[in-house]
Each structure stands twice: as C-alpha cells, then as structure tokens.
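Colleague: First the structure, then my questions, so here it is.
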C-alpha cells in the first residue's frame, strides 16, 4: 500500500513539475514570439526609412541636374518628383517646402499616405562663383598681335594653402595660343573677396601653347587658371537656369530684340539700343561689329548690361569698348546639310561667303568651323560666354579683359548642397 502511495506522489510531483515547465516554456515562447514580431516591425520600419532616404537622394539628384527653383513649391513639387523618384520607389510622395525662397528648401519623403516612415532633409543653393572670365563650349584660338591680358574670376573659398582659386578661362575643347612675339598673361583679379590674398596660379605665356582635355603642351604652359570642363553649361552659368525651350523664351522676353539678316548695321543698332536705356539687347542673326562699338560708363559708374547674339556668326573689326557682358548662343545644327550624310557644319562656309565683311578683314581667319572672329579688341568687362559647341572662336589682336562681375546683370551661378545639420552629417 505504501509503495502505491509513494508512486502516486512521485507521479503527482512529476506532473506538477512538467506542468510548471510547460507554463514556463509557453511563457518563454510568448516572449520569443513577441521579440520576433517586434524585430519584424523594426525591419519593416527600417526598410521604409531606407526607402524614404532613397527618395530624398533621388530628389536631390533631380534638383541638382535641373536647378529649376520654380518646381520646388509645395504645389508643384509633388508632381515634379513623381515620375522619376516617388513612383519608381513606391513612395506616397516627395514634397518640397520653401524655407527661404531661392535659397533653401525642405524635402519631405513619405512612404505611405497614413503611416510609415516620414523623413525630411533640407537642401540649399549656394554661390558657385568663380567659373571664369571667359567660358566657352567652342574651341578657342588666340592670335596675339599685341599683349593678351585676362583678369580672372575668383572663387570665394580659401584653398588649404591660403590662396584663392582663380579662373581666367573655362573651356570644353581646346585653347590654342599663337604668340607672334607677344604674351598672354593672367593678371591680378579686379573683383575679389574682402579676405583675398592671391590667386593660386597665374598663366604667363610668351610662346605658342595648346591646352586640351589631356593637358598642356608644352607641359606646364597653361596653369590651373585655365580649366578644362567637359560638362560646362554656359547657359546655366550665365542665366542661372537650365536651357529649355520654356526658359529660353522666358529669358528672351526680358530683352530688346534686333533681327538681322546679313550682319550689317549691327554695331549701330546695338549702340542705339544701349544709348536709349536698354540694358539687355538680343540680336538674332549674324552680327558684324563695324564701324566701332562704344558702350561705356563714366568714371565710377557701373551699369549691368547683356548683349546676346543668337544663331548667327559674330565678327568684330576695329577698336571696341563694351561695358557689359556678352553671350553667343548658336544652335550649330543649323549649319548641318540634311541632304548629306553625317552630322557636320558643311553649310557654314557658304554662310560666311554670304556675309558683307568689312574692307580689310582677313578672310584667311575663317576656318571650316569658325563661328566667332574678333579682330577688334572686343573685351566685355562682364565676361564672355560662348555657347557654340563644336565651333571655333578666334581672337586676333589684343585683349585686355578687366573682368568685373558687376557688369553682368544676372546673378552668379549656384550649386545645390545638403544643409548641414539637417542630415546625418555631424
């Protein structure tokens, strides 16, 4: 009897212990299930966060490429970012809210309309000053009949050596200098920051030299103030907006227009427009500056002016003075004969032959891709911008370009950066 009682007690104790173990195990599993569920939620939340981060980076890239501030209002930005960023990344929306109009904007990316990760980051437009006194998408040939001097544009940021990065010329293809016993000098800049010390480099040439994407020939002839830039955007650097048909039309609407057919009378019409108080003049067609052009401010006076020549060759002959900035804009495809194979400028020589050029003009300067020939000491103080890709711009004679940005009526170009402190950058 006692033996049976001991067995029952042992069985009872074992059952109780097993029950306790089961309860503890179930409790543990419940905790494990909770931890698994929590981890899953955290993974989903993190995935949504990364998804939203990707949306902001995509939006930043689009703004950097387009640089169109008109699309960064709350109303316009949702649709603006939708096709290339929000939709491909399965985001509810990306919206931009101006913090300081024209200066900084807060971007917000949201994964879901009701919940999910929602992150923000602020971008800002900062000055990208220092692109160059001469900026060109065409090749440049400088034939010195006298001294050539260029006062460079200065970037505001100090280099590690305490000097400043100065740019006399920014170019896409090539720059060739033919000395003829004369010199090319980068001079001291005229427009400088308050803490300016010196330029990092100054080019000084007294013999023939060439610079291309591959570098300078002879080696070290051109210094860092002549900068090759395969991605140069002269339109943006001058007007501060992307080159689109809509933006081009918007820019032109603010100008006084002169339409020319054979290049004649350009100097007279341009001078008359500026003398009558027009500060922005747009010439459509060929422009031959002869007789001389003289548009000059009095001592201590700076009037911002812009002269644009569109879809025509530009020629100067004689001594000229222009206190303003110059922009040459040509759709070079207009000189490609559609009835011949390949893409070239085969109509350009005949176009030159149709022009009435000044007596004494050296026609040997005209080459197969010539689009700009200055034989008249034309040096706009507000800078020279040549938006003529695959063309050749020739400067023969002397050049004394005292670059002064104040003669350009347009704001300095800007670049896009993330606002420090609005992201994980500290």
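Residue numbers (our numbering): 608 to 1033.
All C-beta atoms in this analysis are idealised placements derived from N, C-alpha and C, irrespective of residue type, glycine included.
All figures in this text were calculated on a predicted structure; none of them were measured in a lab.
(1) Excluding sequence positions up to five away, which residues of its chain have a Cβ less than 6 angstroms from the Cβ of residue 811?
(2) Report buried or exposed for residue 600, applying the criterion of at least 16 other Cβ atoms within 10 angstroms of its Cβ.
(3) For the stretch 740–795, list the beta strand (DSSP E) runs that are entirely contained and at least 3 residues long, ordered along the chain.
(4) Please classify residue 1032: is it buried, with 16 or more other beta-carbons within 10 angstroms of its beta-carbon, or exposed?
(5) Just tell me which of 752, 698, 677 has its CA closest to the CA of residue 983.
(6) Please report how far the alpha carbon of residue 949 lies from the alpha carbon of residue 656, in whole angstroms.
(7) Please work out which residues of its chain come closer than 6 angstroms, Cβ to Cβ, to residue 864, disregarding the five sequence neighbours upstream and downstream, and give them in chain order.
(8) On the DSSP bridge assignment, give the partners of residue 982 in chain order.
(9) Using the three-state DSSP reduction, which class does residue 972 fall into: helix, strand or coil?
(10) Check residue 864 in the structure and name its three-state DSSP category.
(11) Could you tell me the boundaries of the beta strand (DSSP E) in which residue 822 lies?
(12) So for residue 1001, helix, strand or coil by DSSP?
(13) DSSP on residue 885, reduced to helix/strand/coil?
(14) Please list, in chain order, all residues of the same chain as residue 824 whose beta carbon is under 8 angstroms from its beta carbon, the five residues on each side excluded.
(15) For residue 1019, which of helix, strand or coil comes out of DSSP?
(16) So, for residue 696: in the same chain, excluding its five sequence neighbours on each side, which residues have a beta-carbon less than 7 angstroms away from its beta-carbon?
(17) Note down the Cα distance separating residue 857 from residue 845, rounded to an integer number of angstroms.
(18) Quick one, which of 997, 884, 750 has its alpha-carbon nearest residue 943's?
(19) My assumption, with CB atoms under 8 angstroms, is that residue 602 sits in contact with residue 897. Please give the rounded CB distance.
(20) Leaving out five residues before and five after residue 1107 in sequence, what residues of the same chain have Cβ atoms less than 7 angstroms from its Cβ?
(21) Per the DSSP calculation, residue 726 is bridged to which residue(s)?
(22) Need the endpoints of the alpha helix (DSSP H) that residue 841 sits in, please.
(23) Looking at residue 931: is its Cβ nearer than 8 angstroms to the Cβ of residue 1014?
(24) Within 10 angstroms of its Cβ, does residue 941 collect 16 or more other Cβ (buried), or is it exposed?
(25) To the nearest angstrom, how far is the alpha carbon of residue 847 from that of residue 802?
(26) To the nearest angstrom, how far is it from the Cα of residue 616 to the Cα of residue 654?
(27) Is DSSP giving residue 994 helix, strand or coil here?
(28) In whole angstroms, what is the alpha-carbon distance linking residue 770 and residue 831?
(29) Would you mind working out which of 673, 805, 785 sits nearest residue 794, comparing C-alpha positions?
(30) Taking just the CA atoms, how far does residue 843 sit from residue 721?
(31) Output the distance between the C-alpha atoms of residue 1018 and residue 733, rounded to the nearest integer angstrom.
(32) Label residue 1006 either buried or exposed according to how many other C-beta atoms from any shown protein chain fall within 10 Å of its C-beta, with 16 as the threshold for buried.
(33) Looking at the secondary structure, which residues open and close the alpha helix (DSSP H) in which residue 897 lies?
(34) Grab me the residues of residue 726's own chain with a C-beta within less than 8 angstroms of its C-beta, minus the 5 sequence neighbours each way, in chain order.
(35) Nearest to residue 736 by alpha carbon, out of 775, 821, 911?
(36) What do you get for residue 903, buried or exposed, if any count of 16 or more other CB atoms within 10 angstroms of its CB means buried?
Modeller: Concretely, from the data shown:
(1) 792, listed in sequence order.
(2) No statement about residue 600 is possible, as the shown extent of the chain runs from 608 to 1033 and does not include it.
(3) Unbroken beta strand (DSSP E) stretches of 3 residues or longer found wholly inside the stretch 740–795: 741–743, 746–757, 760–765, 771–774, 776–778, 782–785, 791–793, given in chain order.
(4) Model confidence at residue 1032 stands at a pLDDT of 48, short of 50, so the residue's coordinates are unreliable; what they give is reported in the following sentence. Exposed is the call here.
(5) Ranking the options by Cα distance to residue 983, first place goes to 752.
(6) Spanning the two alpha carbons is a distance of roughly 50 angstroms.
(7) Here the set comprises 889.
(8) The partner list for residue 982 (beta bridge, DSSP) reads 924.
(9) Three-state result, residue 972: helix.
(10) Assignment of residue 864 by DSSP, reduced to helix, strand and coil, places it in the strand class.
(11) 822–824 is the extent of the beta strand (DSSP E) around residue 822.
(12) Reduced to three states, the DSSP call for residue 1001 is strand.
(13) Secondary structure of residue 885 (DSSP, three-state): coil.
(14) Spatial neighbours of residue 824 in its own chain (CB-CB distance under 8 angstroms, excluding positions within 5 residues in sequence) are listed in chain order as 816, 817, 818.
(15) Looking at residue 1019 - three-state DSSP - the assignment turns out to be coil, as it is neither helix nor strand.
(16) Cβ within range, chain order: 658, 661, 662, 665.
(17) About 14 angstroms.
(18) Checked all of 997, 884, 750; the closest Cα to residue 943 is 997.
(19) Because residue 602 is not part of the residues shown, which for the chain are 608 to 1033, the question remains open.
(20) Outside the modelled stretch of the chain, which goes from 608 to 1033, sits residue 1107, for which no answer is possible.
(21) Partner(s): 716.
(22) Per DSSP, the unbroken alpha helix (DSSP H) holding residue 841 starts and ends at 841–846.
(23) Taking 8 angstroms as the Cβ cut-off, residue 931 and residue 1014 qualify as a contacting pair.
(24) Burial check for residue 941: the Cβ neighbour count within 10 Å stays below 16, so the residue is exposed.
(25) Rounded to the nearest angstrom, the two C-alpha atoms are 26 angstroms apart.
(26) Answer to the nearest angstrom: the Cα atoms are 56 angstroms apart.
(27) Residue 994 carries a strand assignment under DSSP once its states are collapsed to helix, strand and coil.
(28) One Cα belongs to residue 770, the other to residue 831, and the distance between them is close to 13 angstroms.
(29) Comparing Cα-Cα distances from residue 794 to each of 673, 805, 785, the minimum goes to 805.
(30) If you take the alpha carbons of residue 721 and residue 843, they lie about 40 angstroms apart.
(31) Using only the alpha carbons, I get a separation of about 12 angstroms.
(32) Per the 10 Å Cβ criterion, buried.
(33) Neither: residue 897 is in no alpha helix (DSSP H) and is coded neither H nor E.
(34) So the qualifying residues of the chain are 656, 659, 660, 663, 715, 716.
(35) The shortest Cα separation from residue 736 among 775, 821, 911 belongs to 775.
(36) By the neighbour-count rule (16 or more Cβ atoms within 10 Å), residue 903 is not buried but exposed.
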